[in-house]
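In what follows, a single structure is set out as structure tokens and then discussed.
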Amino acid sequence: MQKQTTKISSASVDSYKTGLRLLILMLIGILGFSSRLFSIVRFESVIHEFDPWFDELSWYPLGRVVGGTVYPGIMVTAGLIHYILHLFNFPIDIREVCVFLAPLFSAFTAFATYLLTKELKDERAGLLAALFIAIAPGYISRSVAGSYDNEGIAIFLLMITYFYWIKALKTGSSLYGSITAFFYFYMVSAWGGYVFIINLIPLHAFALILMGRYSPRLYVSYTSFYIIGTLSSMQIPFVGFQPTFTSEHMAALGVFGLLQLVAFSYLVRSHFTEKQFKSVFRVLLYGVGAAGAGLLGLLAVTGKIAPFTGRFYSLYDTGYAKIHIPIIASVSEHQPTAWPSFFFDLHVLIPLLPAGVFLCFKRLKDEHVFVILYAVSASYFAGVMVRLMLTLTPIVCVASAMAFSELFDTYLEPVPVAEVTTTVNDSTPSSFSKSSSPKKKSDSIITSKHQLSNKGIWGVDIKYITIIPMVFILWHFVLHCTWVTSNAYSSPSIVLASRNPDGSQHIIDDFREAYYWLRENTEEKCRIMSWWDYGYQITGMANRTVLVDNNTWNNTHIATVGKMMASSEEVAYPIMRRHDVDYVLVIFGGVLGYSGDDINKFLWMIRIGEGVYPKEVNERAFFTDRGEYKVDENATPTMKNSLMYKMSYYRFPELFGQQQAVDRVRGAVIPKKPIKLSTLDEGNWNKQFL
Ligand SMILES: *[C@@H]1O[C@H](CO)[C@@H](O)[C@H](O)[C@H]1NC(C)=O
Ligand SMILES: *[C@@H]1O[C@H](CO)[C@@H](O)[C@H](O)[C@H]1NC(C)=O
Ligand SMILES: *[C@@H]1O[C@H](CO)[C@@H](O)[C@H](O)[C@H]1NC(C)=O
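Plus 8 on top of the position in the sequence shown (first one is 1) and you've got my numbering.
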């Protein structure tokens, strides 16, 4: 009788608690959403139907088949939301949907993180993890309002895929395996980072096999995930048949095969005695292993299996991209991460990551192996490329939330000591038998610690000595996140802000004005040549045709532009004529002191040009005898004659009258000798604005 009443009351308390947690979770979602509204950028985008969509405004004279060169996920998502809202008569513009898409998905991310962490520890850790991911600057940087980028939805998909993978593995249900595959498919349609999933999950499965933890659950979940996931991902035009022949996908295939073998061997085992089985197993393993490796090697040698694509290869061999594929190395997002930026983006969570990983080692159930693998590999990748900080952030949030909540569990347990063990065992019915024994052990550790802490050393309750600094750290973390978000990640990239000497803010709106000028003053059909960084912006804001843009699908074409910029006017002119170039746009920051200008990017143009035209372009010729990259009077003749140099410094000294002409970015004195342009003419900017 008594037992029943306690059960009922604990159940109602439980449902009350669940309700409370849901409420908090919703609040966290709203927090995550609203913290991204700091900046709203003007944004123009129209969703077209994909298949017949051919973009003539870019990649002149080639044009671009949009459906085959982008990941369509994000656009389809936005279009779908727009469609559904209109179905219910919400007259919202597609532009608003696009602007708010990333913040909306960040709220979903908080939820997915909660679910994942709940599987790893408990709801309390889940809430902390959701809170962390909601405000961690490393993720906010990619999901502010107005940033309509693949990463905006991809992190949500990453977390939800992993959640369902853990769920499938725990339950051994092919339904969950299929759901994992579905979200994997969605991820493939949204972001190139899906390769991380298709390598991490097989790695996890492989590690489990090696640890002797093979189980039918693993077999069912992995097989259903792999088959459905791979087949469906091949429906994305941009991906196509890659899963069958590129190296990035081979690990998944290999583990799939291995799993079949292992499953088969377990089947055989049930029919043989132990000794017979061992010899059979050995023969089988060696035979099939050798055959498989031989086949793979043969396919690789004959070129049937494509080697790693450049961007992934550069993850393993960090120096590779710099030498062989300058276009990858030239993007600032692909540079190695500087140490301070770990702290800047993750703050206290970074030192807590090892603590969380340690906790996983202590428990070491199947899902904890996953966290360990994820944390280790993502840390490595984040160190190699700044951009991959984004994939590290979620796991850091999860692991440090586990560490924090373990600490709070130990010191903040509100229930009296004697009851702890019973309630914990009541409220979490363990889904499979293995889990119950380690759980009990850790509970008893908690209780014994608790008893100790109640006594204290100096007669004060020692828990306050631990809790107060921890709460202080958390509070400081919130301050840091708010500060970073509002200062570093809230400004649109097209409008720059700088500080005057007196501390007031100065807005530099030159990019927008330049594009506006192009829109108003050039012929509608004209072609503009510029470096690819500005391609999207020119087509979007000036509505003019460009030669290359941010979708860097054709390296040869980009190299041609780099070559034109790097060669003399006489050489460049016929090539420009061939590409029907009407205007050339260069960005020069020497007057303002804007360091992201084209002269600073020039070396990359030269390198990319040299990669394709090694005879015509020579990087060495742009360096002085002492090996310096100079723009002042010591600059090499090749440099001085290059199109880029001439256009950048054309009439520059005139600005300074009798004084020295100083380039404020490079601190160089530019020679007074006037630069003559023989085939190009300066745009009539002054006539318009004076
Ligand atoms: C962009 O330019 C084309 C002609 O090149 C014109 O037909 C179209 O209406 C312009 N779009 C906008 C939004 O101005
Ligand atoms: C295009 O790429 C450049 C360089 O990576 C970047 O600065 C710029 O913001 C990108 N533009 C768009 C519209 O994505
Ligand atoms: C890339 O551009 C070059 C010209 O710059 C062209 O010859 C080549 O066919 C293009 N490649 C593809 C795959 O279209």
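By construction, the Cβ of each residue, glycine as well, lies at the ideal position given by its N, Cα and C atoms.
Beta-carbon distances below 7 Å to any heavy atom of ligand 1 define the shell here; list its residues in chain order, please.
Checking every Cβ against the heavy atoms of ligand 1 under 7 Å gives 532, 533 and 551.
Exposed or buried, residue 351, counting other C-beta atoms within 10 Å across all chains shown (16 or more means buried)?
With fewer than 16 Cβ atoms within 10 Å of its Cβ, residue 351 is classed as exposed.
Just to confirm my understanding: we take residue 77, look at its own chain, exclude 5 residues before and 5 after, and list those with CB closer than 8 Å. What are they?
In the same chain as residue 77, and ignoring 5 residues on each side of it, the C-beta atoms closer than 8 Å to its own belong to 246, 559 and 561, in chain order.
Residue of 104, 594, 79 and 80 minimising C-alpha distance to residue 90
Comparing alpha carbon positions, the residue from 104, 594, 79 and 80 closest to residue 90 is 104.
For a quick check, are the C-beta atoms of residue 171 and residue 124 less than 8 Å apart?
For the 8 Å CB-CB criterion, residue 171 and residue 124 form a contact.
Quick one: what's got a C-beta closer than 6 Å to residue 452's C-beta in the same chain, skipping five residues either side?
Only weak support is given to the placement of residue 452: the predicted model assigns it a pLDDT of 46, under 50, and the value that follows is read from those uncertain coordinates. Counting only Cβ-Cβ distances below 6 Å, and skipping sequence neighbours, we find nothing.
Residue 642 CB to nearest heavy atom of ligand 3 below 7 Å:
Every heavy atom of ligand 3 is 7 Å or more from the Cβ of residue 642, so no.
Kindly indicate the opening and closing residues of the alpha helix (DSSP H) around residue 513.
Counting along the chain, residue 513 falls outside any alpha helix (DSSP H), though it belongs to the beta strand (DSSP E) covering 513 to 516.
Would you mind sorting residue 446 into buried or exposed? The rule is 16 or more other CB atoms within 10 Å of its CB.
Residue placement at residue 446 is flagged as unreliable, the pLDDT there being 46, under the threshold of 50; the coordinate-derived value follows with that caveat. With fewer than 16 Cβ atoms within 10 Å of its Cβ, residue 446 is classed as exposed.
Output the boundary residues of the alpha helix (DSSP H) element that contains residue 266.
Boundaries of the alpha helix (DSSP H) around residue 266: 258 to 277.
When every heavy atom of ligand 3 is checked, does at least one fall within less than 7 Å of the C-beta of residue 562?
Yes, since a heavy atom of ligand 3 falls inside the 7 Å radius drawn around the Cβ of residue 562.
Taking only heavy atoms of ligand 2 into account, decide whether any of them is closer than 7 Å to the Cβ of residue 222.
Residue 222 Cβ: outside cutoff for every heavy atom of ligand 2.
Considering only C-alpha positions, which residue in the set 597, 226 and 500 is nearest to residue 676?
Nearest option by C-alpha distance: 597.
Going by DSSP, what residues sit across from residue 657 in a beta bridge?
In the DSSP assignment, no residue is bridged to residue 657.
Taking the beta carbon of residue 438 as the centre, do at least 16 other beta carbons fall within 10 Å, making it buried, or is it exposed?
Note that residue 438 has pLDDT 41, beneath the 50 cutoff, so the model's placement of it is unreliable and the number below is only indicative. Exposed, because fewer than 16 other Cβ atoms sit within 10 Å of the Cβ of residue 438.
With 16 other CB atoms within 10 Å as the buried threshold, where does residue 258 fall?
Residue 258 should be labelled buried.
Just the C-alpha distance for residue 9 and residue 225, rounded to the nearest angstrom, thanks.
Here residue 9 scores only 43 on pLDDT, less than 50, and its place in the model should not be relied on; the value that follows carries that caveat. Distance between the alpha carbons of residue 9 and residue 225: 39 Å.
Straight-line gap, residue 364 to residue 174 (C-alpha atoms, nearest Å)
Answer to the nearest angstrom: the Cα atoms are 18 Å apart.
Using a 10 Å radius around the Cβ and a threshold of 16 neighbouring Cβ atoms, would you call residue 630 buried or exposed?
By the neighbour-count rule (16 or more Cβ atoms within 10 Å), residue 630 is buried.
Answer yes or no: do residue 39 and residue 142 have a C-beta to C-beta separation smaller than 8 Å?
The Cβ-Cβ distance between residue 39 and residue 142 falls below 8 Å.
With a threshold of 7 Å, establish whether the CB of residue 342 neighbours any heavy atom of ligand 3.
No, the beta carbon of residue 342 sits no closer than 7 Å to any heavy atom of ligand 3.
Is DSSP giving residue 553 helix, strand or coil here?
Strand at residue 553.
Counting Cβ pairs, one atom from each stretch, are 3 or more of them under 8 Å apart for the region 106 to 123 and the region 233 to 240?
No, the region 106 to 123 is not in contact with the region 233 to 240.
Based on Cα-Cα distance, which residue from 658, 395, 102 and 375 lies nearest to residue 337?
Comparing C-alpha distances from residue 337 to each of 658, 395, 102 and 375 shows the shortest one belongs to 395.
Near residue 738, what residues of its chain come up, given a Cβ to Cβ distance below 7 Å and the 5 sequence neighbours on each side ignored?
The chain is shown from 9 up to 698; residue 738 falls before or after that span and cannot be answered.
Among 410, 94, 378 and 553, nearest to residue 359 - alpha-carbon criterion:
Ranking 410, 94, 378 and 553 by Cα distance to residue 359 puts 410 first.
On the DSSP bridge assignment, give the partners of residue 535 in chain order.
DSSP output for residue 535 lists 553 as bridge partner(s).
Measuring from the CB of residue 568, is there a heavy atom of ligand 3 at a distance below 7 Å?
At a threshold of 7 Å, residue 568 counts as near ligand 3, since its beta carbon sits closer than that to one of the ligand's heavy atoms.
DSSP on residue 406, reduced to helix/strand/coil?
Helix.
For ligand 2, residues whose Cβ lies under 6 Å from any non-hydrogen atom
After applying the 6 Å Cβ criterion, the set is 339, 501, 541, 544, 545 and 558.
Does the beta-carbon of residue 425 have 16 or more other beta-carbons within 10 angstroms, so that it is buried, or is it exposed?
Any answer about residue 425 is weak, because its pLDDT of 46 lies below 50 and its placement is not dependable; what the coordinates show is given next. In summary, residue 425 is exposed, with fewer than 16 beta-carbon neighbours lying within 10 Å of its beta-carbon over all protein chains present.
Nearest to residue 167 (by Cα), restricted to the options 295, 208, 35 and 132
Ranked by Cα distance from residue 167, the options 295, 208, 35 and 132 are led by 208.
Report the partner residues of residue 576 according to the DSSP bridge assignment.
Beta-bridge partners of residue 576 (DSSP): 650.
With a 10 Å radius around its C-beta and 16 neighbouring C-beta atoms as the bar for buried, classify residue 251 as buried or exposed.
It is buried - the Cβ of residue 251 has at least 16 other Cβ atoms within 10 Å.
Between residue 617 and residue 543, what straight-line distance do the alpha-carbon atoms span, to the nearest angstrom?
Straight-line spacing of the CA atoms in residue 617 and residue 543 works out to 18 Å.
Assuming contact is defined by CB atoms lying nearer than 8 Å, are residue 33 and residue 138 in contact in what I supplied?
Annotated as proximal: residue 33 and residue 138, with beta-carbon spacing under 8 Å.
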